[in-house]
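For reference, the structure is listed below as structure tokens.
In full-length UniProt numbering, the protein residues as written are 1 to 289.
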């Protein structure tokens, strides 16, 4: 019996579908189905009732589900014990790559000063990459953009922010108090391929019949800001972004926002996670207005 098989089984019982469970665990459906079938064969009992519309648990599956949660809890406890036995406690923290911003950086710096005995292992990535690492138990906690669909996780919203136009301070639109999407039509523009609201943003632009002139496509906020800072193009980013020589301009008809918060597994609560989330929850966060 493997921990991986247990995680897959719990994902199926939670989602009621092999397809959705595979998506949740970032594996192929055949791989997940094979692993769950092998688990059933090893236990000598069918755990799932495979119906076309929804997968449900057999009586044996219901009994095993409680055991499965207990097994994962014990595994997490064993990891915590090993970490606590070292000279320094550790917290594996994943941070969304688009959140290299003053609010998040200040949070990390303040936490480090308050808890110098906790060693932070920082990782960055896209929302999908971080979710995959959490599913693989490679991170304890995420600071990410919350989607509102975190049923199998515990979420702590911290603040909301708007998406704004980011331009060089000598850009023709830099002196405007606000702009419309139509003002961006045929403007040189950087497309941030990793943006959390990329697809929604495209639909908003299409609905307003605004088509910027994309001169650069990148998955790096550093490159995007470099283009803006050299007055080569504009872009759209979260309003908490800060960099020299840039100006942030509200977009009247671009109403997309993001909620930034902490995310961790619902059935895993290492001490470091509790200390971090308690600390983050006590901070004063300014919401977008």
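From the three backbone atoms N, C-alpha and C, an ideal C-beta is built for every residue, glycine too.
Just so we're clear, the structure is a prediction, and the values are computed from it rather than from any experiment.
DSSP places residue 35 inside the alpha helix (DSSP H), whose first and last residues are 29-43. Of the candidates 197, 100 and 13, the residue whose Cα lies closest to the Cα of residue 254 is 197. The region 55-67 makes no contact with the region 111-124: fewer than 3 CB pairs, one atom from each, lie closer than 8 Å.
Under the 8 Å Cβ criterion, the region 197-207 does not count as touching the region 237-248, having fewer than three qualifying pairs.
Comparing alpha-carbon positions, the option among 89, 156 and 9 lying closest to residue 72 turns out to be 9. Secondary structure note for residue 6: its alpha helix (DSSP H) is the uninterrupted segment 3-15.
Non-local C-beta neighbours of residue 155 in its own chain, meaning closer than 6 Å and more than five positions away in sequence, comprise 146, 261 and 263, ordered along the chain. Under the DSSP definition of a beta bridge, residue 157 partners with 261.
Comparing alpha carbon positions, the residue from 177, 210, 176 and 175 closest to residue 189 is 210. Among the bridge pairs identified by DSSP, residue 248 is matched with 166. By the Cβ test, the region 94-108 is not in contact with the region 166-185, since fewer than three Cβ pairs between them sit closer than 8 Å. It is roughly 17 Å from the alpha-carbon of residue 50 to the alpha-carbon of residue 44. Within the same chain, and ignoring the five residues on either side of residue 171 in sequence, the residues whose Cβ sits closer than 8 Å to its Cβ are 231, 234 and 247.
For residue 182, the CB contacts under 6 Å within the same chain, skipping 5 residues up- and downstream, are 210 in chain order. Linking residue 136 to residue 29 through their CA atoms gives a straight-line distance of about 16 Å. For residue 53, the three-state secondary structure derived from DSSP is coil. Residue 122 places its beta carbon 8 Å or farther from that of residue 134. With respect to the 8 Å criterion, residue 35 and residue 158 are not classified as neighbours on the basis of their beta carbons.
Assignment of beta strand (DSSP E) within the region 112-142, counting only whole runs of 3 or more residues, yields 118-125 in chain order.
Residue state for residue 275 is assigned as helix, using DSSP reduced to three classes. Looking from the CA of residue 24, the closest CA among 105, 7 and 39 belongs to 7.
Taking 8 Å as the cut-off, the beta carbon of residue 57 is found closer than this to the beta carbon of residue 13.
Residue 90 has 119 as its beta-bridge partners, per DSSP. Residue pairing of residue 145 in beta bridges, as defined by DSSP: 260.
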